[in-house]
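Residue numbers (the numbering used here): 1 to 457.
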Amino acid sequence: GREFIRISLGGVRDESEIRGHRRTYIGSMPGKIIQAMKKAKTTNPLILLDEIDKMGQDFRGDPASAMLEVLDPEQNSTFVDHYLEVEYDLSNVMFLTTSNSYNMPGPLLDRMEIIPLAGYTEDEKREIARRHLIDKAVKNHGLKKGEFELTDSALTSMIQHYTREAGVRNLEREVAKVARKAVTKIVKGEEETVTVTAENLDDFLGVRKFRYGLAEKEDQVGVVTGLAYTSVGGDLLHIEALKLPGKGRMKTTGKLGDVMKESIDAASSYVRSISPEIGVKPPQFDTLDIHVHVPEGATPKDGPSAGLAMVTSIVSVLTGIPVRKDIAMTGEVTLRGNALAIGGLKEKLLAALRGGITTVFIPEENEKDIAELPDSVKDGLKIIPVTHVSEVLAQALVDQPEPIEWDQAAEDAAAAERAKQPKGAPKLHINKEAPHYGGLFLSHSSFKSRISSPYIK
């Protein structure tokens with residue numbers, strides 16, 4: 001195997017940390033790369049560049065630019081350290097970098113092969129806790145074998161309601177907190193052995209800190225369950241729509257990003273284009289406002305993957321047909337109603353399974369990703385790949401809307417014909433109970449007509 005060296009780049013702001021200082025300076029020394037090679041005592045070590053996205057820059061230079069020469073296989077055979085002042089061959093070194101985000105210069109990102117790593121699933125976190133975290137907590141807190149037990153139900157509740165993370169760092173803290181309280185109970189003589197379950201977990205960790213999305217309890221009009229992907233995993237996204245009298249405006253709330261707002265606009269335009277097919281007369285859009293809201297209002301949301309859910313929600317609220325409570329969907333939608341691929345499918349489907357969803361619609365382009373899903377997801381969910389939003393509407397709505405025949409040209413011609421017809425003269429009525437107007441008033445609704453009438457004194 002190769003010698004392993006770890007270099008932490010978090011907070012590095014000086015280019016000389018990478019290239020070294022010239023020997024003319026007092027206390028000068030080589031840079032981190034040459035120091036690592038000296039420590040490895042070989043020309044082909046494995047060097048881990050940790051937290052490469054945390055490098056900064058100031059008046060002393062840009063270390064990210066210095067890393068370009070280190071990581072470029074075409075240049076690093078002649079890497080020059082300012083302290084050595086001679087070329088050094090780094091071409092045999094295997095560099096491995098870690099980062100929490102893509103927030104780094106483009107040229108530096110271009111010199112690396114990116115391997116995305118998804119966060120742990122609930123099953124993986126539970127297994128890590130069983131194999132490592134519980135034993136570590138027992139050892140660190142001086143507990144003896146048999147004195148402390150953390151059940152699987154307690155672990156599951158701890159993962160779902162007390163932590164929200166991609167890794168297990170906070171889970172380790174919560175397990176340690178439970179172990180400390182168990183030690184306290186044993187030392188005080190309250191109990192000889194402590195067993196923590198989901199029922200008594202609140203006694204150890206207090207009230208629940210987080211909640212996860214659950215399926216709706218009943219079929220509702222305008223309410224659709226979408227799927228979201230975040231840095232800490234997947235979650236359910238409930239999309240709500242209402243129609244109200246107005247002037248054909250579309251209102252959106254829920255702290256939505258620009259991409260998500262454009263997705264709603266595209267969904268609205270598509271629904272208007274198919275209005276006769278769903279039994280809605282096109283002129284109705286000019287007399288209605290549609291309000292789309294995505295809870296929770298304080299959480300920022302963005303991305304195009306809620307397009308299918310947006311179309312379904314708007315169609316449901318216009319037709320008055322409820323959406324099935326046990327289905328969820330994810331996928332971008334085009335103006336022609338086609339379903340486009342999305343990301344984070346594994347995390348989204350895990351969230352759907354956890355929330356009690358039974359059927360999920362996904363774009364057909366994502367069908368290839370099903371092979372990478374855990375067996376528990378494939379067995380617990382009915383996954384339906386679709387190519388067009390019409391396939392979703394056919395199965396997601398409780399009933400199917402009745403299409404209508406609509407000829408816009410004929411409607412325009414009829415409206416023009418009605419406009420040409422002369423309006424009849426207002427009829428005169430006698431009202432003996434209205435002496436103020438001389439017993440006369442007009443049935444015409446226009447105030448102007450009443451004022452201009454010669455019969456009104």
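Ideal Cβ positions, reconstructed from N, Cα and C, are used throughout, including at glycine.
Nothing here was measured: the structure is a model prediction, and the numbers come from that model.
Would you list the one or two residues that DSSP bridges to Gln35?
DSSP, once it has assigned bridges, lists no residue as partnering Gln35.
Taking the alpha-carbon positions, what's the Thr156 to Leu150 distance?
Spanning the two alpha carbons is a distance of roughly 10 Å.
Alpha carbon to alpha carbon, how far is Arg2 from Asn44?
The straight-line gap from Cα to Cα measures roughly 7 Å.
Once the 5 residues before and after Leu237 are set aside, which same chain residues still bring their CB inside 6 Å of it?
Hits under 6 Å: Gly226, Ala228.
If we count the other Cβ atoms within 10 Å of its Cβ and call it buried at 16 or more, is Lys217 buried or exposed?
Under this definition Lys217 is an exposed residue.
Going by beta-carbon coordinates alone, are Ala215 and Gly380 separated by less than 8 Å?
Contact: no.
Which residues in the same chain have their Cβ closer than 6 Å to the Cβ of Gly213, if we skip the five residues on either side of it in sequence?
Closer than 6 Å at Cβ, skipping near neighbours: Asp235, Leu236, Gly355.
If I follow the unbroken beta strand (DSSP E) through Gln97, where does it start and stop?
Sequence inspection shows Thr at residue 97; the Gln mentioned does not correspond to that position. That run of the beta strand (DSSP E) goes 94-97.
Could you check whether Gly31 and Asp72 sit closer than 8 Å to each other, using their CB atoms as the reference points?
Their beta carbons are not under 8 Å apart, which means Asp72 does not touch Gly31 by this criterion.
At a Cβ threshold of 8 Å, is Gly343 touching chain D?
Reference to chain D is not applicable here, since this structure consists of a single protein chain.
Whole angstroms are fine: how far does the CA of Leu117 sit from the CA of Asp369?
When rounded, the distance between both Cα atoms is 15 Å.
Looking only at its chain, what residues have a beta carbon closer than 7 Å to the beta carbon of Ile314, apart from the 5 residues adjacent to it on each side?
Result list for Ile314: Ala241, Ala267, Ser268, Val271, Ile290, in chain order.
Identify every run of the beta strand (DSSP E) within the stretch 296-383, keeping only runs that are complete inside it and at least 3 residues long; order them along the chain.
Whole beta strand (DSSP E) segments, 3+ residues: 327-329, 359-363.
Check this for me: beta carbons of Val377 and Leu335, under 8 Å apart or not?
Against a cut-off of 8 Å, the Cβ pair of Leu335 and Val377 comes out as no contact.
Whole angstroms are fine: how far does the CA of Leu9 sit from the CA of Arg505?
This structure cannot settle anything about residue 505, because the visible part of the chain is limited to 1 through 457.
Does the stretch 285-300 come into contact with the stretch 178-194, if we say contact requires no fewer than three beta-carbon pairs (one atom in each stretch) closer than 8 Å?
No, the stretch 285-300 does not touch the stretch 178-194.
For the alpha helix (DSSP H) containing Thr156, list its first residue and its last residue.
From DSSP, the alpha helix (DSSP H) with Thr156 extends over 152-161.
Have a look at Val168, Arg111, Asn103, Tyr102 and flag the residue whose alpha-carbon is nearest the alpha-carbon of Arg131.
For Arg131, the nearest C-alpha among the options comes from Val168.
Roughly how many whole angstroms lie between the Cα atoms of Gln421 and Gly320?
Their backbone Cα atoms lie some 37 Å apart in a straight line.
His388 bridges to which residues according to DSSP?
Note: His388 sits in a beta bridge opposite Asn338.
Just list the residues that DSSP pairs Arg6 with in beta bridges.
Partner(s): Leu48.
Which same chain residues end up closer than 6 Å to Pro322 when comparing Cβ atoms and leaving out the 5 residues on each side of it in sequence?
Around Pro322: Asp219, Gln220, Val221, Val398.
Taking only the alpha-carbon atoms, compute the straight-line gap between Gly61 and Leu48 and give it to the nearest angstrom.
About 22 Å.
For Ala337 and Gly233, what's the separation of their Cα atoms in angstroms?
First, the amino acid is wrong: residue 337 is Gly here, not Ala. Answer to the nearest angstrom: the Cα atoms are 28 Å apart.
Using CA coordinates, which residue listed in Met29, Leu205, Lys38 is at the minimum distance from Ile5?
When each option's Cα is compared against that of Ile5, the closest is Lys38.
Straight-line CA distance for Asp14 to Ile33?
Going by the C-alpha atoms only, they are around 14 Å apart.
Identify which residue in Ser263, Glu277, Ile52, Thr78 has its Cα closest to the Cα of Val407.
What sits at residue 407 in the sequence shown is Asp, not Val. Selected option, being the one with the closest Cα: Glu277.
Put Met250 into one of helix, strand or coil per three-state DSSP.
Looking at Met250 - three-state DSSP - the assignment turns out to be strand.
Would you call Lys144 buried or exposed, if buried means 16 or more other Cβ atoms sit within 10 Å of its Cβ?
The residue in question, Lys144, is exposed, as its Cβ has fewer than 16 Cβ neighbours within 10 Å.
Please check the pair Arg208 and Tyr162, which I expect to be a contact at CB under 8 Å, by giving their CB distance rounded to whole angstroms.
Between Tyr162 and Arg208 the Cβ distance is about 7 Å, and since that is below 8 Å, they are a contact.
Do you know whose CA, among Val392, Tyr120, Gly254, lies nearest Gly297's CA?
The shortest C-alpha separation from Gly297 is found at Gly254.
Specify the secondary structure class of His436 as computed by DSSP and reduced to three states.
Any reading at His436 must be qualified, since the residue scores a pLDDT of 49, below 50, and its modelled position is unreliable; no value is offered.
Which residues bound the alpha helix (DSSP H) around Glu262?
Residues 258-273.
With DSSP as the reference, label Pro63 as helix, strand or coil.
If DSSP states are grouped into helix, strand and coil, Pro63 belongs with the helices.
Can you tell me whether DSSP reads Phe210 as helix, strand or coil?
Of the three classes helix, strand and coil, the one that applies to Phe210 here is coil, per DSSP.
For Lys243, which of helix, strand or coil comes out of DSSP?
Reduced to three states, the DSSP call for Lys243 is strand.
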